Amino acid sequence: MGSIKEWLPKAKEDYEKARHLMDIESAKDPISEPFKSRYKAASILNQLKEDLDSFHDSYSEENPLNCAQLISLLIKIDLGINSMETEEYGIGEKYLTSALTLIDNLYADNQSLVLFKCIILNQLAYLWCSRGEYETAVQLLTQAESAYFSWSVFEDRNEQTIGLMDAFDLNPLESCRNGNAVDAVEKTHTQTLYFLAQAYEKLDKGDKSAEYCKRTLKRQYESKDFDAIDWSLHTATLSQYFAAKNDFLTAKHLIACARFVLKHHISNFGDEDERLKRAKADVARICVKYCLMLLEASQNKTIASESESGLETEPFLLNDNEVYTMQNTMKSSSVENFDQARTVFLQAQSWLNEAKDYYVLDEHASDNVECVQDSSKLYRLLSHFETDSDRKYKMLKRRANLLENLLKEINADYFLNQSRQMTFELGEIYSEMTDIKIVETNDKSDAELVMLVKKVNGLIFKAIKYFNSFIDSFRDKTVKELPSTFENEIVRPMMVAYFSIGRLYSKLYTSEPKDQIKNWNACEQYYKKVVAYIERNPSQKELVREELTLVEEMLQLIPGKLALLLNSTTE
Numbered sequence: 000m001g002s003i004k005e006w007l008p009k010a011k012e013d014y015e016k017a018r019h020l021m022d023i024e025s026a027k028d029p030i031s032e033p034f035k036s037r038y039k040a041a042s043i044l045n046q047l048k049e050d051l052d053s054f055h056d057s058y059s060e061e062n063p064l065n066c067a068q069l070i071s072l073l074i075k076i077d078l079g080i081n082s083m084e085t086e087e088y089g090i091g092e093k094y095l096t097s098a099l100t101l102i103d104n105l106y107a108d109n110q111s112l113v114l115f116k117c118i119i120l121n122q123l124a125y126l127w128c129s130r131g132e133y134e135t136a137v138q139l140l141t142q143a144e145s146a147y148f149s150w151s152v153f154e155d156r157n158e159q160t161i162g163l164m165d166a167f168d169l170n171p172l173e174s175c176r177n178g179n180a181v182d183a184v185e186k187t188h189t190q191t192l193y194f195l196a197q198a199y200e201k202l203d204k205g206d207k208s209a210e211y212c213k214r215t216l217k218r219q220y221e222s223k224d225f226d227a228i229d230w231s232l233h234t235a236t237l238s239q240y241f242a243a244k245n246d247f248l249t250a251k252h253l254i255a256c257a258r259f260v261l262k263h264h265i266s267n268f269g270d271e272d273e274r275l276k277r278a279k280a281d282v283a284r285i286c287v288k289y290c291l292m293l294l295e296a297s298q299n300k301t302i303a304s305e306s307e308s309g310l311e312t313e314p315f316l317l318n319d320n321e322v323y324t325m326q327n328t329m330k331s332s333s334v335e336n337f338d339q340a341r342t343v344f345l346q347a348q349s350w351l352n353e354a355k356d357y358y359v360l361d362e363h364a365s366d367n368v369e370c371v372q373d374s375s376k377l378y379r380l381l382s383h384f385e386t387d388s389d390r391k392y393k394m395l396k397r398r399a400n401l402l403e404n405l406l407k408e409i410n411a412d413y414f415l416n417q418s419r420q421m422t423f424e425l426g427e428i429y430s431e432m433t434d435i436k437i438v439e440t441n442d443k444s445d446a447e448l449v450m451l452v453k454k455v456n457g458l459i460f461k462a463i464k465y466f467n468s469f470i471d472s473f474r475d476k477t478v479k480e481l482p483s484t485f486e487n488e489i490v491r492p493m494m495v496a497y498f499s500i501g502r503l504y505s506k507l508y509t510s511e512p513k514d515q516i517k518n519w520n521a522c523e524q525y526y527k528k529v530v531a532y533i534e535r536n537p538s539q540k541e542l543v544r545e546e547l548t549l550v551e552e553m554l555q556l557i558p559g560k561l562a563l564l565l566n567s568t569t570e
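So for the sequence shown, numbering that gives the first Met the number 0 puts the first residue at 0; every next one is plus one.
See the structure below:
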């Protein structure tokens, strides 16, 4: 073999073949031979590794940034990555660790190889994440972050940052003066931030994860190297984290950024592009979730002040006037009255209609069901701010119609969880409607009272029907019996259903004492179901302590009520 100078062009060509096999051809490999191209690439890389042994004189301690040393380093990195992709994780780890040791020993204070170092650290972190060792991954990624920060203040970084292909130049430091490697370093650092966001999420460090998500998204946008649809969805999704923390100012800014990018960075997509249509619908749904969370937080008085928002001290994701205009159309401070709530409600309804235009029931049943449930929730939250009982009743009626119509359209067995949610909600809705109508009986004439009492009883029976439907959905299909013990998350809804049915029976209007006795007996039986369940499952008592206390108090009063009614029938 000739000199290394003569060997370099062929080596570069072979290396590029190996990279093509790894990056392009491997995606086309058949299922029967999933690693065919990667094994070919490994063979080429190993041959290059053997060839390098012939040029041991080219390794220079005086000039460690020589092409032989750098090619050796590059081959170790690629063999490590390739081994991980062929599921030989232990071998991959050895190659990458060896490469990292080489850098630490020979180039500890040299900023020129920051790209090589960060790639190695990212890949090792990815490996440890796949093993579930997220703390180790964070340590590696933090090293990569520190290496980047040191490089970022390196004055000669534009002229002395060596790229991967610069290794195949006889004088790598001369080759890298065009600054091509700088963009690669920036892109690799963005990947570091992305991995940190994922690792912190796995460690349940939500604030850190969200911060790294924001930094990743900002860098992706500024690099102009991003998929507009993915970027918008990730940004809109991140807004939900901040909305859940009641930081609505940050949340609405992120939503505005997502909408802005979907509006101005989609030239590669046609209006009928399926991915684009779905993305717009998904962002619209996230906007609806924002409104729901804002109304709920306002109801609970838990909204963070704008001075507590992350935007007070941190840079905006996108600094653009149109983004600010978009976000300013969305309320982020606490909703204080019905007019403000109605504005949020109407805005949410507009976004909900946009989402439902795409998520039609016939093609996207699950998503359509969720949209209808969100619509019902919007009415429920709006009604909190309504003081007029007649208008509140109409909102409840609208909710009932939405859910009942949907239940008629879907397969209850296929959408079991959603059907349970809706039947329970309908029980609650008709109970609330009952309470409103009962209040109206206080100032009605006898003729009006007859009609109103009939209305109240009709509402009560509907509420009972839906609560019973919820309970029956848990019965065994064969023996038709309920389980003796429910999962913890089911206990409270089930006991509330029993309690509500008992309460509803006690409110039925009838002039006949015998019927009143029958209703109070039914009330007592449902209350006793709550007590009996907790006696069988005492470990779940804390889950329904409030309801259980009320039930026990009522069970003490019911015998006296029944005694009075019995006396009235014998007189």
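Each residue gets a CB set at the ideal place from its N, CA and C atoms; glycine is no exception. On a predicted model such as this, the values are computed, not experimentally measured, just so you know.
Cut-off 7 Å between Cβ atoms - residues of its own chain near Gln-515, not counting five sequence neighbours on either side: In the sequence shown, residue 515 corresponds to position 516, counting from 1. Contacts found: Thr-509, Leu-564.
Glu-185 - DSSP class collapsed to helix/strand/coil: Here the question's residue 185 lines up with position 186 in the sequence shown. It is helical.
Inter-stretch contact at 8 Å, needing at least 3 Cβ pairs: the region 256 to 270 / the region 226 to 236: yes
Identity of the residue in Ala-280, Phe-148, His-383, Phe-315 nearest His-363 by Cα: Mapped onto the sequence shown, residue 363 falls at position 364. When each option's Cα is compared against that of His-363, the closest is Ala-280.
Ile-557 (DSSP reduced to helix, strand or coil): Within the sequence shown, residue 557 is the residue found at index 558, counting from 1. Of the three classes helix, strand and coil, the one that applies to Ile-557 here is helix, per DSSP.
CB of Asp-373 within 9 Å of CB of Lys-288, strictly: Position 374 of the sequence shown, counting from 1, holds the residue named residue 373. Position 289 of the sequence shown, counting from 1, holds the residue named residue 288. Result yes, Cβ atoms of Asp-373 and Lys-288 sit closer than 9 Å.
Ser-306 versus Thr-342: straight-line alpha-carbon distance, rounded: Counted from its first residue, the sequence shown places residue 306 at position 307. Counted from its first residue, the sequence shown places residue 342 at position 343. The predicted position of Ser-306 is uncertain, since its pLDDT is 49 and thus under 50; a value taken from the coordinates is nonetheless stated next. So the alpha carbons of these two residues sit roughly 24 Å apart.
Cβ-Cβ distance between Thr-433 and Ile-459 below 9 Å: One-based indexing of the sequence shown puts residue 433 at position 434. One-based indexing of the sequence shown puts residue 459 at position 460. Contact flag set, yes.
Three-state secondary structure assigned by DSSP to Asp-77: On the sequence shown, position 78 is the one that residue 77 refers to. Helix, per DSSP.
Inside the region 237 to 316 only - alpha helix (DSSP H) runs reaching at least 4 residues: 247 to 263, 273 to 299
Inter-residue spacing [alpha-carbon to alpha-carbon] between Asn-416 and Ile-489: Taking the sequence shown and counting its residues from 1, the one referred to as residue 416 is at position 417. Taking the sequence shown and counting its residues from 1, the one referred to as residue 489 is at position 490. Rounded to whole angstroms, Asn-416 to Ile-489 spans 11 Å at the Cα level.
Contact check, Cys-128 vs Ala-198, beta carbons under 9 Å: The residue labelled residue 128 in the question sits at position 129 within the sequence shown. The residue labelled residue 198 in the question sits at position 199 within the sequence shown. Going by C-beta atoms, Cys-128 is nearer than 9 Å to Ala-198.
Straight-line Cα distance separating Ile-161 from Cys-175: On the sequence shown, position 176 is the one that residue 175 refers to. On the sequence shown, position 162 is the one that residue 161 refers to. C-alpha separation (whole angstroms): 5 Å.
Beta carbon proximity, Asn-566 to chain B, threshold 9 Å: No chain B appears in this structure, which consists of one protein chain only.
Contacting residues, own chain, Cβ-Cβ under 6 Å from Thr-312 (five flanking each side not counted): Mapped onto the sequence shown, residue 312 falls at position 313. In this prediction, Thr-312 has a pLDDT of 46, which is less than 50 and means its spatial position is unreliable; nothing more can be read from the coordinates.
Chain-order list of residues whose beta-carbon lies under 8 Å from that of Leu-554 (same chain, five-residue window excluded): Your numbering for residue 554 matches position 555 in the sequence shown. The answer, listed in chain order, is Glu-523, Tyr-526, Lys-527, Val-530.
Contact check, Glu-546 vs Val-495, beta carbons under 9 Å: Position 547 of the sequence shown, counted from the start, is the residue given in the question as residue 546. Position 496 of the sequence shown, counted from the start, is the residue given in the question as residue 495. Yes, the pair counts as a contact, with Cβ atoms nearer than the cut-off.
Option in Cys-370, Val-334, Thr-324 with minimal Cα separation from Leu-380: Taking the sequence shown and counting its residues from 1, the one referred to as residue 380 is at position 381. The candidate whose alpha carbon is nearest that of Leu-380 is Val-334.
Buried/exposed call for Leu-64, threshold 16 Cβ in 10 Å: The residue you call residue 64 lines up with position 65 of the sequence shown. The residue in question, Leu-64, is buried, as its Cβ has 16 or more Cβ neighbours within 10 Å.
Ranges of the beta strand (DSSP E) found wholly within the region 502 to 531, counting only runs of at least 3: none
Residues near Ile-470 in its chain [Cβ-Cβ closer than 6 Å; skip 5 each side]: Translated into positions along the sequence shown, residue 470 becomes position 471. Taken in chain order, the residues that qualify are Ala-496.
Coarse secondary structure for Val-452, derived from DSSP in three states: On the sequence shown, position 453 is the one that residue 452 refers to. Note: Val-452 maps to helix in three-state DSSP.
Segment limits, alpha helix (DSSP H) that includes Gly-1: As a working mapping, residue 1 is identified with position 2 in the sequence shown. Here Gly-1 belongs to no alpha helix (DSSP H), and DSSP marks it neither H nor E.
Spatial distance of Glu-84 from Ser-25 (CA atoms): Translated into positions along the sequence shown, residue 84 becomes position 85. Translated into positions along the sequence shown, residue 25 becomes position 26. Glu-84 and Ser-25: Cα-Cα distance of roughly 10 Å.
Three CB pairs or more closer than 8 Å across the region 1 to 8 and the region 18 to 36: no
Buried versus exposed, by CB contacts within 10 Å (16 or more), Tyr-211: Within the sequence shown, the letter at position 212 stands for residue 211. Flag for Tyr-211 reads buried.
Contact under 9 Å by Cβ, Lys-461 with Tyr-392: For the purposes of this step, residue 461 is identified with residue 462 of the sequence shown, where counting begins at 1. For the purposes of this step, residue 392 is identified with residue 393 of the sequence shown, where counting begins at 1. In this structure, Tyr-392 does not lie closer than 9 Å to Lys-461 by Cβ.
Backbone secondary structure at Met-540 - three-state DSSP: Here residue 540 refers to the residue found at position 541 of the sequence shown. It should be pointed out that residue 540 corresponds to Lys in this sequence rather than to Met. Correct three-state label for Lys-540: helix.
Nearest residue (CA-CA) to Ser-231, options Thr-301, Lys-223, Leu-216: Translated into positions along the sequence shown, residue 231 becomes position 232. For the residues Thr-301, Lys-223, Leu-216, the minimum Cα distance to Ser-231 belongs to Leu-216.
Arg-18 versus Asp-203: straight-line alpha-carbon distance, rounded: Working through the sequence shown from its first residue, we reach residue 18 at position 19. Working through the sequence shown from its first residue, we reach residue 203 at position 204. Distance between the alpha carbons of Arg-18 and Asp-203: 37 Å.
Beta-carbon spacing of Glu-185, Ser-222 below 9 Å: Position 186 of the sequence shown, counted from the first residue, corresponds to residue 185. Position 223 of the sequence shown, counted from the first residue, corresponds to residue 222. Yes, the pair counts as a contact, with Cβ atoms nearer than the cut-off.
Simplified DSSP assignment, three categories, for Asn-170: For this step, residue 170 is matched to residue 171 along the sequence shown. If DSSP states are grouped into helix, strand and coil, Asn-170 belongs with coil.
Per-residue burial, His-263 [other beta carbons within 10 Å of its own, 16 or more giving buried]: Numbered from its first residue, the sequence shown carries residue 263 at position 264. The residue is exposed, with fewer than 16 neighbouring Cβ atoms inside 10 Å.
Glu-427 beta carbon less than 9 Å from that of Ser-591: It is not possible to answer for residue 591, since the shown part of the chain is limited to 0 through 570.
Pair within 9 Å by beta-carbon distance, Leu-78 and Tyr-88: Here the question's residue 78 lines up with position 79 in the sequence shown. Here the question's residue 88 lines up with position 89 in the sequence shown. The answer is no: Cβ separation not under 9 Å.
Nearest-angstrom Cβ-Cβ length linking Leu-351 and His-252, presumed shorter than 8 Å: Position 352 of the sequence shown, counting from 1, holds the residue named residue 351. Position 253 of the sequence shown, counting from 1, holds the residue named residue 252. That belief does not hold up - the Cβ atoms of Leu-351 and His-252 are roughly 22 Å apart, past 8 Å.
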